[in-house]
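Asks:
Number of protein chains: 2
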Amino acid sequence: MNNFSFQAGTNYVFGKDKHKKIGELVKPYASKILLVYGGGSIKRNGIYDDVVASLKANNIEFVELSGIQANPRYEKVQEGIALLRKENFGLILAVGGGSVIDTSKAIALATKTDDVWNFYTNGGEPETAIPVATILTIPAAGSEVSPDSVITYQGRKLGYSTEKFRPVVSVVNPDIFMTLPKNQIANGVTDMMSHIFERYFTQTEHTDLIDSLCEATLKTIMRNATLLMKAPKNYDAWAEVSLGGSFAHNGFLGCGRKQDWGCHGMEHELSAQDEKVAHGAGLAVLTPNWMRYVYKENPRMFFQFATNVMDIKPERDMDKTINAGIDKLQQFFVSIGQPTTLRELGFNENSPLEEMAKKGAGDGFLGNFKPLYWQDVLAIYKASL
Amino acid sequence: MNNFSFQAGTNYVFGKDKHKKIGELVKPYASKILLVYGGGSIKRNGIYDDVVASLKANNIEFVELSGIQANPRYEKVQEGIALLRKENFGLILAVGGGSVIDTSKAIALATKTDDVWNFYTNGGEPETAIPVATILTIPAAGSEVSPDSVITYQGRKLGYSTEKFRPVVSVVNPDIFMTLPKNQIANGVTDMMSHIFERYFTQTEHTDLIDSLCEATLKTIMRNATLLMKAPKNYDAWAEVSLGGSFAHNGFLGCGRKQDWGCHGMEHELSAQDEKVAHGAGLAVLTPNWMRYVYKENPRMFFQFATNVMDIKPERDMDKTINAGIDKLQQFFVSIGQPTTLRELGFNENSPLEEMAKKGAGDGFLGNFKPLYWQDVLAIYKASL
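Protein sequences, first through last, are from chains A and B. Going by this note's numbering, the first sequence opens with residue 100, and the numbers climb by one from there. Going by this note's numbering, the second sequence opens with residue 100, and the numbers climb by one from there.
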């Protein structure tokens, strides 16, 4: 196990009706807030009215920024910053999924500068940031508990992380997820599983506890995702999946180990190339092919995955066991409606795969389990066609 | 799953040499601190010198309070409060195990009152408390990440919890644990396992994720405890056990479920009766007998324990499977040197078991899985003789 530090102080408020308490929860931070959300779904399902009622009951003024879309764009961040220049917000409340939360985090950086894109391109640590609170409407990105944000601008989809992004309050109410369409359930489940895979597959030795916590979380998410595909209004299954999705990405499952993040890096190039490509769908295609490409770097880890997560009976032939595990994972993705090929996502031999691979890997490499230079990324893209 | 809120913001700093950074870690909180520790072991193993060097290097003044013993007493808390009245400490640094940390937490309550014992007897919420930081020297109590403290006074061993007790910084360095005697390893391991049992055995339905995280943590602790019994200087095994001990008690494993805490309540009466009784040893005796006494209230949960944690092959005869699981747990305790009977701890038919049972259960009951009235507690004490 490697040395590590871990601190995740989000006040995580879970369960039925909890979003109706948002006014009380954010009141210690602010009397005027920026309320950020996506399209009209929270107006249709009543969440918006509940939030407004709770804010008003607690005498919290708010200004709205809406219309955030999937693969959130910097232009919306700039709109938020313009609002910030007019008013003094003590907190930004994101009511939405990862895109809305990530946009809110980006806006939160604009206390001393308008150019927050600079953090995404050049890094550095902000002196201050506005506190962010969230009411989650799509369990997937884990942004409700994470220090991460991903924003798209000028054809680049870039991530930036700072502990100042960690939300101070996050409300997760499984009732809110019951009307999500099946493709969003599938994409969310795939994304949270990927957040665990990116941490689980490591070359670090002696990682027993976190390994087994990763395995337990993956199995719980898969079992309950299968229930949701049959009954999307199953509260208990949503409770397990959404709690699992948060635990997948608050960082604890990465403690003491070198993490990978190759699949996320490769997928970001797919969505950057065509923003209609859902992050989860891209991951579902790439992950099994990444596994087949890299497993020989440390077969023990993939043997453990096959037997402990995918319940493959261990055989003396290690490769056979490993490949059975990867195949079974791919079958799981298919069972929840995910594609298996990039072709299904609109890519083919004429797509600029080499250009995408070079943009993704840059002069260096993606991932860690096996460092993926652009040639490796291209090989995985081609194997995924 | 029940509704819940969870917030655990301790800056958890893990790994080799990390205690040498304590000055930097506490500097944001204070320029003068109270340094609390137990006997001379930290002077013998060099930890004291490392801590003092780091405090001095960061210009942090400190006053010392030492001599804290197991089953910590209120008299030492009062000594600490007296020091507090003379100096203005911005933080209390506990270098020790649960007793030292729990004493420090109790002292931390004395910002507005000298009578902190009142919180232990009558509850209530303190307006303020001094921040506590820890360097752990015995992984067991989980107090390095918990909102809990247990203090003994006038023949009563009472717990009090407030989020203000949650340490702001905790350093866990497995190298520090290598010289612990085997009985302390065994008692620590038993205590951390009990912290999970008290949460795991529940009547709450649909608790998949947390169930499986409990099971994973229990198995990791047991497997690595067995390694430590053979090789107490195995860094990796200590890393797993100590991280598991913290995760066992930061509260996450209790989220969304009704918890029990009957065994802890029953054990506190043993140590209150005879302070030579180690908390872990008492728990090792009581836990299997508690299990046998209560499992029929919800056999499914104990069947799950037997098969998922103790690796018992499930048989059609549910009771047989369950009892095999409980027996195997007891064998594990024996394998790490724990007793199986209260007699080995100095109790017998002439001990005031009825009085102890009545003191433990009061006018109500202990636990939740099956409410334990004093007659039940007495029956478990007698079955444990």
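Beta carbons: idealized from backbone N, C-alpha and C, even for Gly. Remember, it's a predicted structure, so these values are computed and weren't measured experimentally.
(1) Please decide whether G311 (chain B) counts as near chain A, where near means a Cβ-Cβ distance under 8 Å.
(2) Figure out for me which residue from B:Q253, B:A129, B:I295 and B:A209 has the closest Cα to the Cα of K263 (chain B).
(3) If you draw a straight line from the alpha carbon of F388 (chain B) to that of E453 (chain B), how long is it in whole angstroms?
(4) Quick check on the burial criterion: 16 or more other C-beta atoms within 10 angstroms. Buried or exposed for G179 (chain A)?
(5) Leaving out five residues before and five after L369 (chain B) in sequence, what residues of the same chain have Cβ atoms less than 6 Å from its Cβ?
(6) Residues in its own chain within less than 6 Å of S203 (chain A) by CB, not counting five upstream and five downstream?
(7) Using 8 Å as the limit for Cβ to Cβ distance, is G138 (chain A) near chain B?
(8) Output yes if chain A places a C-beta closer than 8 Å to the C-beta of A315 (chain B); else output no.
(9) For E224 (chain B), count neighbouring C-beta atoms within 10 Å of its own C-beta (all shown protein chains included) and say buried if the count is 16 or more, exposed if not.
(10) For chain B, check one thing: does any of its Cβ atoms lie closer than 8 Å to the Cβ of G355 (chain A)?
(11) Counting only runs that start and end within the region 156-234 of chain B, where is the beta strand (DSSP E) found for 3 or more residues in a row?
(12) Take H378 (chain B) and list the residues in its own chain whose beta-carbon comes closer than 7 Å to its own, dropping the five residues that flank it on each side.
(13) Closest by CA to N144 (chain B), which one among B:M277, B:L471 and B:E339?
(14) Beta-carbon within less than 8 Å of K155 (chain B)'s beta-carbon, same chain only, minus the 5 sequence neighbours each way: which residues are those?
(15) Use the C-beta contact count for A152 (chain A): other C-beta atoms within 10 angstroms, 16 or more gives buried, fewer gives exposed.
(16) Compare the beta carbon distance of I320 (chain B) and G343 (chain B) with 8 Å and say whether it is the shorter of the two.
(17) Is L441 (chain B) helix, strand or coil when you go by DSSP?
(18) When DSSP labels each residue in this structure, what does T301 (chain A) get in the three-state scheme?
(19) Indicate whether the contact test is met: 3 or more Cβ pairs, each with one atom in the region 425-443 of chain B and one in the region 400-411 of chain B, closer than 8 Å.
(20) Quick one: which residues of the region 103-118 of chain B get their C-beta closer than 9 Å to a C-beta of chain A? List them in chain order.
(21) In chain A, which residues lie less than 7 Å from D335 (chain B) when you measure between Cβ atoms?
(22) Please report how far the alpha carbon of A181 (chain A) lies from the alpha carbon of V244 (chain A), in whole angstroms.
(23) Drop a sphere of 10 angstroms on the beta-carbon of D307 (chain A), count the other beta-carbons inside from all chains shown, and report buried for 16 or more, exposed for fewer.
(24) Can you name the residues of chain A whose CB is closer than 8 Å to the CB of E339 (chain B)?
(25) Can you pull the DSSP bridge partners for T251 (chain B)?
(26) So, helix, strand or coil for V376 (chain B), using DSSP?
(27) Output, in chain order, the set of chain A residues within a Cβ distance shorter than 9 Å of T261 (chain B).
(28) Show which residues of chain D have a CB atom less than 7 Å away from the CB atom of N323 (chain B).
(29) I'd like to know whether the C-beta of K318 (chain B) is nearer than 8 Å to at least one C-beta of chain A.
(30) Tell me, which residues are paired with A336 (chain A) by DSSP?
(31) Considering only residues of the same chain and omitting the five flanking positions on each side of Y259 (chain A), which have a CB-CB separation below 6 Å?
(32) Using a Cβ cut-off of 8 Å, which residues of the region 423-454 of chain A contact any Cβ in chain B, in chain order?
(33) Grouping DSSP H, G and I as helix and E and B as strand, with all else coil, what is Y128 (chain B)?
(34) Would you report the Cα separation of T477 (chain A) and R391 (chain A), rounded to the nearest angstrom?
(35) Looking at A315 (chain A): is its Cβ nearer than 8 Å to the Cβ of A315 (chain B)?
(36) Please list the partners that L382 (chain B) has in chain A, where partner means a Cβ-to-Cβ separation under 7 Å.
Replies: In short, the structure shows the following:
(1) Translated into positions along the second sequence, residue 311 (chain B) becomes position 212. Note on residue identity: the sequence assigns Ser, not Gly, to residue 311 (chain B). With 8 Å as the cut-off, S311 (chain B) counts as an interface residue toward chain A.
(2) What you label residue 263 (chain B) is simply residue 164 of the second sequence in a count that begins at 1. For the residues B:Q253, B:A129, B:I295 and B:A209, the minimum Cα distance to K263 (chain B) belongs to B:A209.
(3) By 1-based counting over the second sequence, the position of residue 388 (chain B) is 289. By 1-based counting over the second sequence, the position of residue 453 (chain B) is 354. Looking at the sequence shown, residue 388 (chain B) is not Phe but Asn. Approximately 17 Å between the Cα atoms of the pair.
(4) Taking the first residue of the first sequence as 1, we reach residue 179 (chain A) at position 80. Under this definition G179 (chain A) is a buried residue.
(5) Translated into positions along the second sequence, residue 369 (chain B) becomes position 270. Result list for L369 (chain B): V376 and G381, in chain order.
(6) By one-based count along the first sequence, residue 203 (chain A) stands at place 104. Close CB contacts of S203 (chain A) within its chain, under the 6 Å cut and outside five residues either way in sequence, are with V135, I191, A193 and V231 (chain order).
(7) Within the first sequence, residue 138 (chain A) is the residue found at index 39, counting from 1. Answer no: the Cβ-Cβ gap between G138 (chain A) and chain B never drops below 8 Å.
(8) As a first step, residue 315 (chain B) must be located in the second sequence, where it is residue number 216. It does; some Cβ of chain A falls within 8 Å.
(9) Along the second sequence, one-based indexing puts residue 224 (chain B) at 125. When all chains shown are included, E224 (chain B) counts as exposed.
(10) Sequence index remark: in the first sequence, residue 355 (chain A) carries index 256 (1-based). It does: the Cβ of G355 (chain A) has a partner Cβ on chain B nearer than 8 Å.
(11) Secondary structure in the region 156-234 of chain B: the beta strand (DSSP E) runs of 3 residues or longer, each lying completely within the stretch, are 160-164 and 190-195 in chain order.
(12) Along the second sequence, one-based indexing puts residue 378 (chain B) at 279. Excluding residues within five positions, the ones whose Cβ falls inside 7 Å are N286, D290, E366 and S370.
(13) In the second sequence, residue 144 (chain B) corresponds to position 45, counting from 1. Looking at the Cα atoms, B:M277 is the closest of the given residues.
(14) Locating residue 155 (chain B) in the second sequence gives position 56, where the first residue counts as 1. In chain order, G122 place their CB closer than 8 Å to the CB of K155 (chain B), counting only its own chain and leaving out the 5 sequence neighbours on each side.
(15) Here residue 152 (chain A) corresponds to residue number 53 of the first sequence, with the count starting at 1. The C-beta of A152 (chain A) has fewer than 16 other C-beta atoms within 10 Å across all chains shown, which makes the residue exposed.
(16) Reading the second sequence from its first residue, position 221 is the one you call residue 320 (chain B). Reading the second sequence from its first residue, position 244 is the one you call residue 343 (chain B). One thing to note: I320 (chain B) has its Cβ within 8 Å of the Cβ of G343 (chain B).
(17) The sequence position of residue 441 (chain B) within the second sequence is 342, counting from 1. Taken through DSSP and simplified to helix, strand or coil, L441 (chain B) comes out as coil.
(18) For the purposes of this step, residue 301 (chain A) is identified with residue 202 of the first sequence, where counting begins at 1. In the three-state reduction of the DSSP assignment, T301 (chain A) falls in the coil class.
(19) Contact between the region 425-443 of chain B and the region 400-411 of chain B is present, because at least three Cβ pairs lie under 8 Å.
(20) Against chain A - using a Cβ distance shorter than 9 Å - the residues of the region 103-118 of chain B are F103, S104, F105, Q106, A107, G108, T109, N110, Y111, V112, F113, G114, K115, D116 and K117.
(21) Position 236 of the second sequence, counted from the start, is the residue given in the question as residue 335 (chain B). Listed along chain A, the residues sitting closer than 7 Å to D335 (chain B) by beta-carbon distance are M100 and H305.
(22) Sequence index remark: in the first sequence, residue 181 (chain A) carries index 82 (1-based). Sequence index remark: in the first sequence, residue 244 (chain A) carries index 145 (1-based). So the alpha carbons of these two residues sit roughly 26 Å apart.
(23) On the first sequence, residue 307 (chain A) is found 208 positions in, with the first residue counted as 1. With 16 or more Cβ atoms within 10 Å of its Cβ, D307 (chain A) is classed as buried.
(24) Residue 339 (chain B) sits at position 240 when you count from the first residue of the second sequence. Going along chain A in sequence order, the residues near E339 (chain B) (Cβ under 8 Å) are M100, H305, D307 and L308.
(25) Along the second sequence, read from residue 1 onward, the residue named residue 251 (chain B) stands at position 152. DSSP output for T251 (chain B) lists B:R172 and B:K256 as bridge partner(s).
(26) In the second sequence, the residue the question calls residue 376 (chain B) occupies position 277. Secondary structure of V376 (chain B) (DSSP, three-state): coil.
(27) What you label residue 261 (chain B) is simply residue 162 of the second sequence in a count that begins at 1. The contacting residues do not exist; T261 (chain B) stays about 15 Å from chain A at best.
(28) In summary, chain D is missing from the structure at hand, where the protein chains are A and B.
(29) Here the question's residue 318 (chain B) lines up with position 219 in the second sequence. Interface with chain A (8 Å Cβ-Cβ cutoff): K318 (chain B) is included.
(30) Taking the first residue of the first sequence as 1, we reach residue 336 (chain A) at position 237. Paired residue(s): none; A336 (chain A) is not in a bridge.
(31) By 1-based counting over the first sequence, the position of residue 259 (chain A) is 160. Residues F218, Y219 and S248 of the same chain have their beta carbon placed closer than 6 Å to that of Y259 (chain A), with the five preceding and five following residues left out of the count.
(32) Here the close residues number zero.
(33) Locating residue 128 (chain B) in the second sequence gives position 29, counting from the first residue. Here Y128 (chain B) carries a coil assignment [DSSP, helix/strand/coil].
(34) Translated into positions along the first sequence, residue 477 (chain A) becomes position 378. Translated into positions along the first sequence, residue 391 (chain A) becomes position 292. For clarity, residue 477 (chain A) is Leu in the given sequence; the question names Thr instead. Going by the C-alpha atoms only, they are around 14 Å apart.
(35) The residue you call residue 315 (chain A) lines up with position 216 of the first sequence. The residue you call residue 315 (chain B) lines up with position 216 of the second sequence. Yes; because the gap between Cβ atoms is below 8 Å, this pair is in contact.
(36) Along the second sequence, read from residue 1 onward, the residue named residue 382 (chain B) stands at position 283. Chain A residues near L382 (chain B): none, gap ~21 Å exceeds 7 Å.
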